[in-house]
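>
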Amino acid sequence: MGDRKSNVVLTGFMATGKSTVGRLLAVRRDASYIDTDEMIVRRHGSIEEIFATKGEAAFREMERNVASELEGTAGLVIATGGRFMLDQDCAAALGSTGRVFCLVASIEEIKRRLLTDEDGLVRPLLTDSNETQLELLYEERVEAYKRFRQVQTDERSVEEVVEQIETLLGKD
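Numbering-wise (the numbering used here), the sequence shown opens with residue 56 and increments by one.
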């Protein structure tokens, strides 16, 4: 089933399932799971706080530092932040460690996931104004994500998505 020593890197827009799929895939591959955003939060505080106090440029530099740190690793399942792999340096660093898969979902499905948690409870994360921003951000990134192997997550269980990734890994 592919080279288990290589990393599997998951990228894609927010709410496409990177963290959820990554955790199950790591269990199935008997691999360690890494979330790049979680690494940054543990070291520097919340992403919102970083953006507010240090700015986006500082956050992007933190992402590049994490990518550089992970460049020499193997045997990991790595879930990245939504823009992480769109940075040329980050993509080069992690792309060299294994296979990259981009989890994709429709903007409608992303909105649904952002508004509802796993227990079906509504989370008021989207207001009308930031829903428009979300749509613009999605449109801005969707083409850039196409350079990575696409894995559709709409109307699919986590297990189905993981099985597809395992199948794709086994073919190479």
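C-beta: ideal position from N, C-alpha, C; glycine also.
Nearest CA to the CA of V217: which residue from K60, F139, A70 and S74?
As a working mapping, residue 217 is identified with position 162 in the sequence shown. Considering only alpha carbons, the answer is S74.
> On the premise that E118 lies in contact with A148, defined as a C-beta separation below 8 Å, what is that separation, rounded to the nearest angstrom?
In the sequence shown, counting from the first residue as 1, residue 148 sits at position 93. In the sequence shown, counting from the first residue as 1, residue 118 sits at position 63. With a Cβ gap of about 10 Å, A148 and E118 do not count as contacting.
> Tell me the residue span of the alpha helix (DSSP H) that contains S148.
Taking the sequence shown and counting its residues from 1, one reaches residue 148 at position 93. Before going on, a small fix: residue 148 reads as Ala here, not Ser. That run of the alpha helix (DSSP H) goes Q143 to G150.
> Hey, is the region 109 to 124 in contact with the region 69 to 84, meaning 3+ C-beta pairs nearer than 8 Å?
Short answer: they don't touch.
> Counting only runs of 4+ residues fully inside the region 89 to 149, write out the alpha helix (DSSP H) ranges in chain order.
Qualifying alpha helix (DSSP H) stretches, in chain order: 91 to 99, 102 to 108 and 111 to 125.
> What's the gap between the Cα of K201 and the Cα of R78?
Along the sequence shown, one-based indexing puts residue 201 at 146. Along the sequence shown, one-based indexing puts residue 78 at 23. Spanning the two alpha carbons is a distance of roughly 23 Å.
> Just how far apart, CA to CA, sit A86 and E221?
Looking up residue 86 in the sequence shown gives position 31. Looking up residue 221 in the sequence shown gives position 166. Those two C-alpha atoms are separated by around 13 Å.
> Going by DSSP in three states, G67 sits in which element: helix, strand or coil?
On the sequence shown, position 12 is the one that residue 67 refers to. Coil.
> Which class does G153 belong to by DSSP, given the choice of helix, strand or coil?
As a first step, residue 153 must be located in the sequence shown, where it is residue number 98. G153: strand per DSSP, three-state reduction.
> How many angstroms separate the CA atom of E116 from the CA atom of T71?
The residue you call residue 116 lines up with position 61 of the sequence shown. The residue you call residue 71 lines up with position 16 of the sequence shown. Spanning the two alpha carbons is a distance of roughly 24 Å.
> Under 8 Å by Cβ, that's how I've got T128 and L65 pegged, so tell me the actual separation to the nearest angstrom.
Numbered from 1 along the sequence shown, position 73 holds the residue referred to as residue 128. Numbered from 1 along the sequence shown, position 10 holds the residue referred to as residue 65. Going by Cβ atoms, the distance from T128 to L65 rounds to 15 Å, so no, they are not a contact pair.
> So, are the CB atoms of S212 and G153 less than 8 Å apart?
Counted from its first residue, the sequence shown places residue 212 at position 157. Counted from its first residue, the sequence shown places residue 153 at position 98. Taking 8 Å as the Cβ cut-off, S212 and G153 do not qualify as a contacting pair.
> Alpha carbon to alpha carbon, how far is I102 from S161?
Position 47 of the sequence shown, counting from 1, holds the residue named residue 102. Position 106 of the sequence shown, counting from 1, holds the residue named residue 161. Cα-Cα distance, rounded: 25 Å.
> Tell me, please, which residues DSSP counts as bridged to L51.
Only positions 56 to 227 of the chain appear in this structure, which leaves residue 51 out of reach.
> In angstroms with no decimal places, state the Cα-to-Cα distance between T171 and E164.
Here residue 171 refers to the residue found at position 116 when the sequence shown is read from its first residue. Here residue 164 refers to the residue found at position 109 when the sequence shown is read from its first residue. Distance between the alpha carbons of T171 and E164 is about 11 Å.
> Which residues does DSSP pair with N62 in a beta bridge?
Along the sequence shown, one-based indexing puts residue 62 at 7. According to DSSP, which records beta bridges pairwise, N62 is partnered with G153.
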